[in-house]
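In my numbering, the protein residues as written are 52 to 403.
No residue lacks a Cβ here, since even glycine has one placed at the ideal position from N, Cα and C.
All values reported here derive from a predicted model rather than from experimental measurement.
This report concerns only the one structure given below.
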């Protein structure tokens, strides 16, 4: 896939070879619309990740939030930082952060897969772009509220279903987590224990030079290891969306489901559902031509809560060390669609 991605970059840049690969709606969209942004994110995220990972922030928040994250999501407290990084920055940052923690044996296989496919949320800024595309900017607050509510419901339910529930609770090196890993020792408060862990972690940093060296290594690894995969998978997914009716056919079984939820223009809406697996922005583009505002609202919110799209998030997950494959990603994508649609539809019926 990296070889195909590299070849697709050259063909698109020089506009040679099959036009289906390099035209503006396929390879051109990925190369000019996505890769420059990801390149900048990877450079800065790669350099700054050691500051997040090595100076105790995750240890402190891991202790403080474990009493919430563990019973509700069956995840360590530090996973909340991944979600925060995605919301305030970019979903790709959350995935990179998750992958690094999995490689360093802070997450088990199950935890890394759950966090990567559930908590790498879409940023607030991109959500604004989506709602603007369907011309409903005045409804941004209820729109984002619906996204957060649906995302919370999905985060509680989906990790308890296959394929995520079948992932092993063991670290990358094969070891298993201790049962009392989140326990606070006697004589400590949650905050004091978190501070102790944070200071201990920060004390392991050898020098500024070692931090910078690790950051440069991260950036190079991301740029040359992940970007070609994003280009390859993104181009292939967009070619399928552009030149075949595969996604339209796969969307037809959703028509009865949409009608059950009382969504107007269900047939038109169904064509946007599965195509979101190729790219998150495509459903919003297709929805812009739908007359009914409620349907446009539902499609826009659904495209964000589906979360996994191959032009970025899916390709990043497959290019990382996080233990998921493309079939599992598609199953999770469908599960997220089925679970979040009723929540979004419920909010939409309250508004319209």
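Which same chain residues end up closer than 8 Å to residue 200 when comparing Cβ atoms and leaving out the 5 residues on each side of it in sequence? If you number the chain shown from 1, residue 200 lands on position 149. Closer than 8 Å at the Cβ level, and outside the excluded window around residue 200, lie 394, 398.
Taking the alpha carbon of residue 183 as the point to measure from, which residue in 388, 378, 218, 338 has its own alpha carbon closest? Position 132 of the chain shown, counted from the start, is the residue given in the question as residue 183. Checked all of 388, 378, 218, 338; the closest Cα to residue 183 is 338.
Helix, strand or coil for residue 103, going by three-state DSSP, please let me know. Indexing the chain shown from 1 puts residue 103 at position 52. The answer is helix: DSSP assigns residue 103 an H, G or I state.
Could you spell out the range, first to last residue, of the alpha helix (DSSP H) harbouring residue 269? Taking the chain shown and counting its residues from 1, one reaches residue 269 at position 218. It spans 259–276 - the alpha helix (DSSP H) in which residue 269 sits, taken as one unbroken run.
Extent of the continuous alpha helix (DSSP H) run through residue 214: For this step, residue 214 is matched to residue 163 along the chain shown. From DSSP, residue 214 is part of no alpha helix (DSSP H); its letter is neither H nor E.
Give the DSSP-derived three-state secondary structure of residue 330 in the structure shown. Sequence index remark: in the chain shown, residue 330 carries index 279 (1-based). The answer is coil: DSSP assigns residue 330 none of H, G, I, E or B.
Contained alpha helix (DSSP H) runs [length at least 4] in the segment 121–187, N- to C-terminal order: 130–139, 142–154, 160–169, 175–184
Residue of 348, 134, 69, 378 minimising C-alpha distance to residue 315: Counting from 1 along the chain shown, the entry for residue 315 is found at position 264. That would be 348, whose Cα lies nearest to the Cα of residue 315.
Could you check the C-alpha separation between residue 186 and residue 146 for me, to the nearest Å? Along the chain shown, one-based indexing puts residue 186 at 135. Along the chain shown, one-based indexing puts residue 146 at 95. Going by the C-alpha atoms only, they are around 30 Å apart.
Could you check the C-alpha separation between residue 414 and residue 253 for me, to the nearest Å? Look at the range of the chain in this structure, 52 to 403, and you will see that residue 414 is not part of it.
Is DSSP giving residue 227 helix, strand or coil here? By one-based count along the chain shown, residue 227 stands at place 176. The answer is coil: DSSP assigns residue 227 none of H, G, I, E or B.
Could you have a look at residue 235 and say whether DSSP puts it in helix, strand or coil? In the chain shown, the residue the question calls residue 235 occupies position 184. Of the three classes helix, strand and coil, the one that applies to residue 235 here is coil, per DSSP.
Leaving out the 5 sequence neighbours to the left and right, which residues in its chain are closer than 6 Å to residue 202 when beta-carbon positions are compared? Position 151 of the chain shown holds residue 202. Within the same chain, residue 202 has close Cβ partners 356.
Just the C-alpha distance for residue 207 and residue 71, rounded to the nearest angstrom, thanks. Along the chain shown, read from residue 1 onward, the residue named residue 207 stands at position 156. Along the chain shown, read from residue 1 onward, the residue named residue 71 stands at position 20. Those two C-alpha atoms are separated by around 40 Å.
Would you say the segment 366–379 touches the segment 273–284, given that touching needs at least three Cβ pairs under 8 Å? yes
What does the alpha-carbon distance come out to for the pair residue 160 and residue 343? For this step, residue 160 is matched to residue 109 along the chain shown. For this step, residue 343 is matched to residue 292 along the chain shown. Approximately 43 Å between the Cα atoms of the pair.
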